[in-house]
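Those letters in the sequence shown? Residues 1 to 812, per the UniProt record's numbering, in order. All C-beta atoms in this analysis are idealised placements derived from N, C-alpha and C, irrespective of residue type, glycine included. In this text, all values refer to a predicted model and were calculated from it rather than measured experimentally. Notes follow once the structure below has been shown.
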Amino acid sequence: MNAAYKLSTQPCNALLQTNRRLTSAEPCAAYFPSSSLPCDQLCIAVFVYSARSLKLTEFLEAQLCRSPRGYCCRSHRYRSLGQIWLDDSVNRMKVLNLLSWQVILALTTFQVPFFMIRLGQSKLYRSENYGKSFQDVTNLINNTFIRSEFGIAIGPENSGKVILTGEVSGGHGSRIFVSDDFGKSFSHQDLPFIPLMQITYNPDNSNVLMVLSNSNELWLSEDFGSNWKKLHDMVCLVKWGRKNTIFLTASLNGSCNDRGMLELRRITDYGKTTKTVASKVYSFGLGGRFLFASVMTGKGTMRMIHVSVDQGETWNMAQLPPVGHEQFYSILAANDEMVFMHVDEPGDTGFGTIYVSDDRGTVYSKSLERHLYTTTGGDTDFTNVTSLRGVFITSVLAEDNSVQSVVSFDQGGEWVPLRKPADSKCDATAKDPDKCSLHIHAAYSIAMRLNVPMLPLTEPNAVGLILAHGSVGDAISVMKPDVYVSDDGGYTWIKALEGPHHYAILDSGGLLVAVEHSVNQPINKIKFSTDEGQCWGVYTFTKDPIYFTGLASEPGARSMNVSIWGYRDSLLSQYWISITIDFRDLLTRDCDDNDYVQWLAHSDDISDPNDGCMLGYKEKFLRLRKDSVCWNGRDYEVNTQPTPCPCTLDDFLCDFGYYRQENSSECVEQPDLKGKVLEFCLHGEEEKLQTSGYRKIPGDKCEGGEMPERKEIDLRKRCVSDLVGPELLVNSPSSKSVPIVITVIIIMLLSIAAGVVFVKKYVCGGRFLVHRYSVLQQHVEDNAVDGVDDPLETNHTHNGKIEFHDDSDEVQ
Numbered sequence: 001m002n003a004a005y006k007l008s009t010q011p012c013n014a015l016l017q018t019n020r021r022l023t024s025a026e027p028c029a030a031y032f033p034s035s036s037l038p039c040d041q042l043c044i045a046v047f048v049y050s051a052r053s054l055k056l057t058e059f060l061e062a063q064l065c066r067s068p069r070g071y072c073c074r075s076h077r078y079r080s081l082g083q084i085w086l087d088d089s090v091n092r093m094k095v096l097n098l099l100s101w102q103v104i105l106a107l108t109t110f111q112v113p114f115f116m117i118r119l120g121q122s123k124l125y126r127s128e129n130y131g132k133s134f135q136d137v138t139n140l141i142n143n144t145f146i147r148s149e150f151g152i153a154i155g156p157e158n159s160g161k162v163i164l165t166g167e168v169s170g171g172h173g174s175r176i177f178v179s180d181d182f183g184k185s186f187s188h189q190d191l192p193f194i195p196l197m198q199i200t201y202n203p204d205n206s207n208v209l210m211v212l213s214n215s216n217e218l219w220l221s222e223d224f225g226s227n228w229k230k231l232h233d234m235v236c237l238v239k240w241g242r243k244n245t246i247f248l249t250a251s252l253n254g255s256c257n258d259r260g261m262l263e264l265r266r267i268t269d270y271g272k273t274t275k276t277v278a279s280k281v282y283s284f285g286l287g288g289r290f291l292f293a294s295v296m297t298g299k300g301t302m303r304m305i306h307v308s309v310d311q312g313e314t315w316n317m318a319q320l321p322p323v324g325h326e327q328f329y330s331i332l333a334a335n336d337e338m339v340f341m342h343v344d345e346p347g348d349t350g351f352g353t354i355y356v357s358d359d360r361g362t363v364y365s366k367s368l369e370r371h372l373y374t375t376t377g378g379d380t381d382f383t384n385v386t387s388l389r390g391v392f393i394t395s396v397l398a399e400d401n402s403v404q405s406v407v408s409f410d411q412g413g414e415w416v417p418l419r420k421p422a423d424s425k426c427d428a429t430a431k432d433p434d435k436c437s438l439h440i441h442a443a444y445s446i447a448m449r450l451n452v453p454m455l456p457l458t459e460p461n462a463v464g465l466i467l468a469h470g471s472v473g474d475a476i477s478v479m480k481p482d483v484y485v486s487d488d489g490g491y492t493w494i495k496a497l498e499g500p501h502h503y504a505i506l507d508s509g510g511l512l513v514a515v516e517h518s519v520n521q522p523i524n525k526i527k528f529s530t531d532e533g534q535c536w537g538v539y540t541f542t543k544d545p546i547y548f549t550g551l552a553s554e555p556g557a558r559s560m561n562v563s564i565w566g567y568r569d570s571l572l573s574q575y576w577i578s579i580t581i582d583f584r585d586l587l588t589r590d591c592d593d594n595d596y597v598q599w600l601a602h603s604d605d606i607s608d609p610n611d612g613c614m615l616g617y618k619e620k621f622l623r624l625r626k627d628s629v630c631w632n633g634r635d636y637e638v639n640t641q642p643t644p645c646p647c648t649l650d651d652f653l654c655d656f657g658y659y660r661q662e663n664s665s666e667c668v669e670q671p672d673l674k675g676k677v678l679e680f681c682l683h684g685e686e687e688k689l690q691t692s693g694y695r696k697i698p699g700d701k702c703e704g705g706e707m708p709e710r711k712e713i714d715l716r717k718r719c720v721s722d723l724v725g726p727e728l729l730v731n732s733p734s735s736k737s738v739p740i741v742i743t744v745i746i747i748m749l750l751s752i753a754a755g756v757v758f759v760k761k762y763v764c765g766g767r768f769l770v771h772r773y774s775v776l777q778q779h780v781e782d783n784a785v786d787g788v789d790d791p792l793e794t795n796h797t798h799n800g801k802i803e804f805h806d807d808s809d810e811v812q
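What follows is the structure in structure tokens.
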């Protein structure tokens with residue numbers, strides 16, 4: 001197929017997102033806002049993939065376009081989608097992509113229901129020059145119909161592996177096509193089952209594959225799909241653990257609908273050993289080194305979170321509130337040192353509370369109240385600002401039901417409103433002009449179908465940069481948003497572009513590009529900035545305007561190529577078009593040492609000797625000067641110079657029974673807990689807490705300085721949690737000696753006795769749970785508030801590594 005081609009097309013109905021939950025928070029409407037996009041009979045679409053994420057594009061006609069030499073512009077990056085599909089009830093378009101930074105696979109599917117069977121056709125196209133031209137390689141998959149709902153699996157890192165899952169025998173069988181050379185060749189294998197979910201790779205060994213069948217059987221392959229073996233029956237939820245470990249929940253009564261009665265099992269060595277590690281499980285999740293289980297308490301429909309740091313061998317009950325059947329827990333972000341956990345409020349309120357854990361994942365402090373997280377759609381604006389450590393942005397639901405944005409610069413220790421840009425005014429919807437701040441549109445705004453085409457965008461190698469849609473007022477506005485840019489991790493902002501845009505970060509932040517979001521009007525211009533959004537140029541990329549549907553560039557913000565996707569509409573036909581722009585010829589000079597300047601992160605008061613100290617140390621970066629027009633290059637690495645800081649109260653969270661008053665770093669004791677003993681259960685032993693009100697933020701690296709006293713005293717008393725710790729090993733020898741049985745009975749009796757003491761002491765004594773919460777920022781919603789070395793992985797960003805929302809219906 002040459003660089004410019006057309007296929008016959010026909011109009012189609014509105015493209016609708018299916019009811020299956022996506023791994024990304026971005027809905028299809030963010031990329032295909034039009035209600036009547038063109039569909040050819042093959043419905044072509046593309047994923048653009050690299051080591052970290054997948055990108056969405058569309059194509060039908062491809063052509064190369066270069067801007068005049070000396071004119072500075074670059075390209076855009078879509079947020080990660082994992083997988084997404086569009087469906088107009090007849091044509092199903094699978095957006096796939098792949099492989100290296102320049103290899104793209106494009107899969108098209110066409111499906112028509114015919115009586116009791118489905119008739120389908122697929123086409124596969126491949127490009128080796130970043131989409132400037134494509135070849136029809138459908139013969140490599142023997143013209144097999146590829147299942148669009150989960151039929152494409154791309155290998156981790158740059159393995160070059162891809163799996164296409166197809167149908168055979170009229171939909172009564174399945175066949176996979178596998179490639180380990182970036183889609184240049186494929187081999188096929190018929191499956192002894194029909195998949196229920198997408199095939200998943202072992203994160204540490206891409207030859208090892210796992211999948212659930214439509215009869216809830218767990219299957220495993222150790223040779224990249226050539227041979228398969230069944231590991232387990234009646235599996236409800238399955239996830240890869242670390243190394244060769246698999247965690248799953250299994251039903252004992254043949255139904256996954258009986259949640260709360262499931263068993264959590266651990267499989268090691270690819271099926272050689274299976275062990276039940278927890279019972280009465282509602283759901284489970286993984287985050288960093290932590291294994292979480294949501295477990296029924298035995299008190300009606302209530303359940304609680306239990307935590308393990310040794311892959312389920314031992315458990316501790318997390319010091320979090322229990323939730324009922326209408327509530328949920330959700331991991332917002334986690335790494336090996338801490339966890340952000342959202343706990344839903346009772347009733348259909350649409351908000352809950354964020355808690356931040358200690359380094360054991362057991363002791364939690366209250367971080368933010370009235371955190372927006374809808375029960376019905378599962379939408380939250382929680383955003384990890386990956387361009388600067390410790391920074392998070394999210395939304396709260398105020399008492400008047402308005403949605404307001406807040407930011408934390410210290411990993412959840414304190415949340416404050418975002419500063420409005422200098423000289424900006426409140427929008428027309430503001431009730432109180434004196435309480436204006438910047439409010440950021442994210443997943444909730446998109447779910448509410450506001451005119452917001454993209455989520456906030458940050459990149460780890462574009463230090464301090466944030467691009468986001470927002471408005472200035474006393475709450476998030478339903479009016480048309482503008483694009484705002486921060487170059488210091490969210491401390492200060494500028495209004496960069498009028499109205500909504502699709503935007504991207506290129507060349508490690510050396511260049512920003514944007515295309516105006518217009519649903520009904522064709523466009524032919526792309527905007528660009530070489531000074532982090534302060535000034536913008538405009539380039540006309542085609543004489544004949546196109547109806548724009550999306551931008552795509554290589555993930556990782558290092559690319560110099562950008563593809564503009566859309567379609568043209570003539571009197572008799574409609575057809576897709578992709579225009580690929582290579583910007584390397586425009587930035588003719590490589591950056592040298594004189595193009596960079598030192599920048600102190602988290603600096604907001606240069607008169608303070610501790611200015612820039614965040615989580616125990618300062619960081620100085622070398623950043624590109626705003627007036628330098630040069631190429632950072634693909635090999636650009638972030639250069640940082642960390643310096644430790646003396647400890648201050650800002651390096652500590654408020655401990656159990658303490659809270660931080662407004663505009664103060666001091667933690668004061670909660671009045672209702674004064675004089676009461678604070679105790680908690682850890683590793684089966686009762687611990688007494690002696691504290692002056694502070695505990696160090698997990699991952700904080702401060703040295704010396706102020707060190708508040710804190711002790712945990714082992715009371716040498718047994719205690720139990722609500723988790724029934726099963727000793728039974730599945731597939732273990734059935735014969736057991738009499739002494740072992742007697743020992744088990746004695747242990748059970750002792751546990752029951754300890755449980756009676758525990759209940760009497762904590763429930764009857766009135767000190768159960770409520771004494772174990774601390775408040776970091778009390779009444780934050782009343783105050784106009786509507787880095788750890790191991791980066792926090794978030795549940796709502798492109799990496800998709802954390803998947804725990806204990807009331808979801810996920811299968812992987």
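Asked                                                                                                                                                                                 : Found
Suppose contacts are defined by Cβ-Cβ distances below 8 Å. Is residue 557 in contact with residue 509 by that definition?                                                             : yes
Report buried or exposed for residue 644, applying the criterion of at least 16 other Cβ atoms within 10 angstroms of its Cβ.                                                         : exposed
Pick out the complete beta strand (DSSP E) segments inside the stretch 114-192, 3 residues or longer, and give them in chain order.                                                   : 117-127, 152-154, 162-168, 173-179 and 187-190
Could you tell me if residue 813 is buried or exposed, where buried requires 16 or more neighbouring beta carbons within 10 angstroms of its beta carbon?                             : Within the shown structure, residues of the chain are numbered from 1 to 812, placing residue 813 beyond reach of any answer.
Does the stretch 610-618 come close enough to the stretch 588-595 to have 3 or more Cβ pairs within less than 8 Å?                                                                    : no
If we count Cβ pairs, one from each stretch, closer than 8 Å, do we get three or more for the stretch 627-644 versus the stretch 334-344?                                             : no
Quick check: is any heavy atom of the ligand ATP less than 7 Å from the C-beta of residue 216?                                                                                        : No copy of the ligand ATP occurs in the structure displayed, which carries no ligand at all.
Expressed to the nearest angstrom, what Euclidean distance is found between the alpha-carbon atoms of residue 709 and residue 158?                                                    : 49 Å
Going by DSSP in three states, residue 365 sits in which element: helix, strand or coil?                                                                                              : strand
Could you tell me the distance, in whole angstroms, from the CA atom of residue 412 to the CA atom of residue 288?                                                                    : 17 Å
Please classify residue 654: is it buried, with 16 or more other beta-carbons within 10 angstroms of its beta-carbon, or exposed?                                                     : buried
Could you tell me the boundaries of the alpha helix (DSSP H) in which residue 445 lies?                                                                                               : 443-447
Take the Cβ of residue 15 as the centre, count every other Cβ of all protein chains shown within 10 Å, and call the residue buried at 16 or more, exposed below.                      : Low confidence applies here, because residue 15 scores a pLDDT of 24, under 50, leaving its location unreliable; read the following figure in that light. It counts as buried.
Among the candidates 264, 243 and 153, whose CA atom is the shortest distance from the CA of residue 211?                                                                             : 153
For the beta strand (DSSP E) that contains residue 289, what are its first and last residues?                                                                                         : Here residue 289 belongs to no beta strand (DSSP E), and DSSP marks it neither H nor E.
Distance, Cα to Cα, residue 222 vs residue 205?                                                                                                                                       : 9 Å
Whose C-alpha, out of 346, 396, 384 and 357, is nearest the C-alpha of residue 370?                                                                                                   : 396
Report the option in 617, 503 and 531 whose CA atom is closest to the CA atom of residue 626.                                                                                         : 531
Which residue wins for smallest C-alpha separation from residue 435, given the options 706, 172, 475 and 174?                                                                         : 475
Just verifying my parser: in three-state terms, what is the DSSP assignment at residue 533?                                                                                           : coil
Extract the residue ranges of the beta strand (DSSP E) inside the stretch 579-653, only unbroken runs of 3 or more that lie entirely within it.                                       : 596-600, 617-624 and 640-644
Hey, how far is the Cα of residue 402 from the Cα of residue 328?                                                                                                                     : 22 Å
Label residue 699 either buried or exposed according to how many other C-beta atoms from any shown protein chain fall within 10 Å of its C-beta, with 16 as the threshold for buried. : buried
What does residue 704 pair with, by DSSP beta-bridge criteria?                                                                                                                        : DSSP, once it has assigned bridges, lists no residue as partnering residue 704.
Among 628, 565, 578 and 581, which one has its Cα closest to the Cα of residue 597?                                                                                                   : 628
Quick one: what's got a C-beta closer than 7 Å to residue 243's C-beta in the same chain, skipping five residues either side?                                                         : 204
Smallest Cα separation from residue 183: which of 274, 254 and 155?                                                                                                                   : 155
May I have the straight-line CA-CA distance separating residue 218 from residue 273, to the nearest angstrom?                                                                         : 15 Å
DSSP on residue 433, reduced to helix/strand/coil?                                                                                                                                    : helix
Are the Cβ atoms of residue 571 and residue 630 separated by less than 8 Å?                                                                                                           : no
Quick test of your reading: residue 418 and residue 490, contact by CB under 8 Å. State the CB separation rounded to the nearest angstrom.                                            : 7 Å
When burial is assigned at 16 or more other CB atoms within 10 Å of the CB, is residue 817 buried or exposed?                                                                         : Residue coverage of the chain in this structure runs from 1 to 812, which leaves residue 817 outside it and unanswerable.
I think residue 292 touches residue 298, with their Cβ atoms under 8 Å apart; what is that distance to the nearest whole Å?                                                           : That pair is no contact at about 19 Å.
Going straight from the alpha carbon of residue 37 to that of residue 197, what length do you get?                                                                                    : Its pLDDT being 34, under 50, residue 37 is placed unreliably by the model, and the measurement read from it follows with that caveat. So the alpha carbons of these two residues sit roughly 28 Å apart.
Give me the Cα-Cα distance between residue 323 and residue 665, rounded to the nearest whole angstrom.                                                                                : 31 Å
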